[in-house]
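Peer 1: Next up is a structure, given as structure tokens.
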């Protein structure tokens, strides 16, 4: 009898080990797949920005986006990932209640020479988690990239992109997208789909940069009225926006913690990054409803193809903070309201002399803010963290989050772009802007059969 029990126990242990290994492989694959899906976001931004540029600037717009992506990766490896684990409780580097933050923890798991920052047969999590976060970081830089097309210096843009993608946004994520984050533990801040920590941060950072960068030549008349400067290919822009939306599914997959011993909070279903339960099924309902509400709202107000597709993206961003909480008709309504407001916000800042070429602030900054406030208005009282007797979501908590994200995005964007401006590294010379950045900065042209090739050396 004892021998039979021992054999049964051994069989059960072997089965548990097999199940754990299978689950670990599935989870690793799940997060790995978020990465190529999120690369679609950058393919989309590439087409979107090149199409929104005039033909004389098309390649320059694309090149700066690709270079920013390439440079953010190593900077995020060497410092960005460490910031995420070091600063959740604030700037004190102290350990949080969950024990997964602070100086000692960050040094152990996120320094470049850590055992978790390279091939490790006992670690199936770190590389794919890091990779997903790198793509979030690159997304913030792409958001900035669109608003500043056709007049920013490549050097200045790359500096701004690295600061935003490897320092600013990840500090916001440590505070509001981490179970030990002080915004979460003290105020019940909730931001499932990164409406604040990605979109609002990038949108407000962009606004700070745009103030110092100034408008494109010819955008405004002497009386302050604005001229429309259309891009050279609306179809390319629309395809780019649809690719961004396709990639957004990978972005949202990266916001989910899947079940499994090494991956979750011990729950048997999917969880948010805060450990609270959610389902991918519910997220799917709400994402598609927000997407649809955004298209309908923007089309009803503008009848403009560009704003219609921006409304699709804006509808998802409007719902992003609460995609785990909404009832689907509510997601449609929130996306609709956000998309209706979006073109008015774009017009508002344009009337103040700010040239946001693709509406980056309206789509990402404003609608990220609206998404956070929507949770405070319509989803109060949900547990903000995993466990019992935890703080709950509230309007005040979301309002504090809005204030922090707005300041954390805008102030660095404004200050660093001002420093670049006074050192002559922010904006291209007037002559280069008039001739076209492809002719001056790129040894190629987007349409060589129609445009004279560059005779100037690349800088």
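Residue numbers (this note's numbering): 31 to 489. Heads up, the beta-carbon is just placed ideally off N, CA and C, and yes, glycines get one too. Since the model is a prediction, treat every value here as computed from it, not as a measurement.
Report the CB separation of residue 105 from residue 192 in whole angstroms; it is logged as a contact under 8 Å.
Peer 2: The Cβ separation is near 5 Å, so the contact holds.
Peer 1: Going by C-alpha distance, which of 222, 306, 332, 268 is nearest residue 284?
Peer 2: Taking only the C-alpha atoms, the option nearest residue 284 is 222.
Peer 1: On a Cα-Cα basis, can you pick out the residue from 273, 354, 355 that is closest to residue 340?
Peer 2: For residue 340, the nearest C-alpha among the options comes from 273.
Peer 1: Less than 9 Å between the C-beta atoms of residue 81 and residue 270, yes or no?
Peer 2: Yes, the Cβ-Cβ distance between residue 81 and residue 270 is below 9 Å.
Peer 1: Rounded to a whole number of angstroms, what is the C-alpha to C-alpha distance between residue 299 and residue 132?
Peer 2: C-alpha separation (whole angstroms): 28 Å.
Peer 1: Grouping DSSP H, G and I as helix and E and B as strand, with all else coil, what is residue 252?
Peer 2: Note: residue 252 maps to coil in three-state DSSP.
Peer 1: Would you grab the beta carbon distance between residue 73 and residue 472 for me? Rounded to a whole angstrom, and I think it's under 8 Å.
Peer 2: No, residue 73 and residue 472 are not in contact; Cβ-Cβ is about 19 Å, not under 8 Å.
Peer 1: Determine the burial state of residue 316: buried for a count of at least 16 other Cβ atoms within 10 Å of its Cβ, exposed for fewer.
Peer 2: Residue 316 should be labelled buried.
Peer 1: From what residue to what residue does the alpha helix (DSSP H) around residue 401 run?
Peer 2: Segment 397-408, the alpha helix (DSSP H) holding residue 401.
Peer 1: For chain D, find out if any of its Cβ atoms is closer than 9 Å to the Cβ of residue 237; answer yes or no.
Peer 2: Within the model displayed, chain D is absent; a lone protein chain is all it includes.
Peer 1: Kindly identify the DSSP beta-bridge partner or partners of residue 413.
Peer 2: Beta-bridge pairing links residue 413 to 422.
Peer 1: By the DSSP assignment, the alpha helix (DSSP H) with residue 257 in it spans what residues?
Peer 2: Element bounds for residue 257: n/a, residue is neither H nor E.
Peer 1: Report the three-state DSSP secondary structure of residue 291 (helix, strand or coil).
Peer 2: Unreliable placement is indicated for residue 291, whose pLDDT of 49 sits below 50; the coordinate value is still reported in the next sentence. Residue state, collapsed to three classes: coil.
Peer 1: Can you tell me the Cβ-Cβ gap for residue 235 and residue 194, rounded? I've got them flagged as a contact below 8 Å.
Peer 2: Rounded, the Cβ-Cβ distance is 5 Å, consistent with contact.
Peer 1: Nearest by alpha-carbon distance to residue 281: which of 389, 351, 396 is it?
Peer 2: Ranking 389, 351, 396 by Cα distance to residue 281 puts 351 first.
Peer 1: For residue 254 and residue 381, I'd like the C-alpha separation in whole angstroms.
Peer 2: When rounded, the distance between both Cα atoms is 7 Å.
Peer 1: Rounded to the nearest angstrom, how far is the Cβ of residue 264 from that of residue 335, given a contact under 8 Å?
Peer 2: About 6 Å; that satisfies the 8 Å criterion.
Peer 1: Excluding the 5 residues flanking residue 477 on each side, which residues of the same chain have their C-beta closer than 7 Å to its C-beta?
Peer 2: Excluding positions up to five away in sequence, the list reads 85.
Peer 1: Does the Cβ of residue 247 have 16 or more other Cβ atoms within 10 Å, making it buried, or fewer, making it exposed?
Peer 2: Its Cβ having fewer than 16 others within 10 Å, residue 247 is exposed.
Peer 1: Identify the continuous alpha helix (DSSP H) that holds residue 131 and give its terminal residues.
Peer 2: Per DSSP, residue 131 belongs to no alpha helix (DSSP H) and is neither H nor E.
Peer 1: Which residues share a DSSP beta bridge with residue 307?
Peer 2: Answer is 301, bridged to residue 307.
Peer 1: Helix, strand or coil: how does DSSP classify residue 496 here?
Peer 2: Absent from the model: residue 496. The displayed extent of the chain is 31 to 489, so no value can be given.
Peer 1: For residue 137 and residue 103, I'd like the C-alpha separation in whole angstroms.
Peer 2: Answer to the nearest angstrom: the Cα atoms are 19 Å apart.
Peer 1: Please say whether residue 128 and residue 209 have beta carbons closer to each other than 9 Å?
Peer 2: The answer is yes: Cβ separation under 9 Å.
Peer 1: With distances taken between CB atoms, is the gap from residue 328 to residue 338 smaller than 9 Å?
Peer 2: It is a contact, given that the beta carbons lie within the stated cut-off.
Peer 1: Could you tell me if residue 217 is buried or exposed, where buried requires 16 or more neighbouring beta carbons within 10 angstroms of its beta carbon?
Peer 2: Label assigned to residue 217: buried.
Peer 1: Does DSSP put residue 179 in a helix, a strand or coil?
Peer 2: Correct three-state label for residue 179: coil.
Peer 1: Given a cut-off of 9 Å, decide if residue 304 and residue 159 are closer than it, judged by their beta-carbon atoms.
Peer 2: No, they are not a contact pair.
Peer 1: So residue 344 packs on residue 369, CB below 8 Å; how close in whole Å?
Peer 2: Correct: roughly 5 Å between the Cβ atoms.
Peer 1: Just to confirm the assignment, what range does the alpha helix (DSSP H) spanning residue 187 have?
Peer 2: Looking at the DSSP string, the run of the alpha helix (DSSP H) that includes residue 187 is 184-193.
Peer 1: Closest by CA to residue 233, which one among 325, 432, 266?
Peer 2: Nearest option by C-alpha distance: 432.
Peer 1: Would you list the residues sitting across from residue 457 in a DSSP beta bridge?
Peer 2: 182.
Peer 1: Measure the C-alpha to C-alpha separation of residue 100 and residue 454 and round it to an integer number of angstroms.
Peer 2: Each residue's alpha carbon lies about 24 Å from the other.
Peer 1: Using the three-state DSSP reduction, which class does residue 19 fall into: helix, strand or coil?
Peer 2: Past the boundaries of the shown model lies residue 19; the chain is included only from 31 to 489, so the question cannot be answered.
Peer 1: Ordered along the chain, which non-local residues of its own chain (more than five positions away) have a Cβ less than 6 Å from that of residue 77?
Peer 2: For residue 77, where only same-chain residues beyond five positions count, the Cβ hits under 6 Å are 266, 269, 270.
Peer 1: If you draw a straight line from the alpha carbon of residue 240 to that of residue 150, how long is it in whole angstroms?
Peer 2: So the two alpha carbons sit approximately 43 Å from each other.
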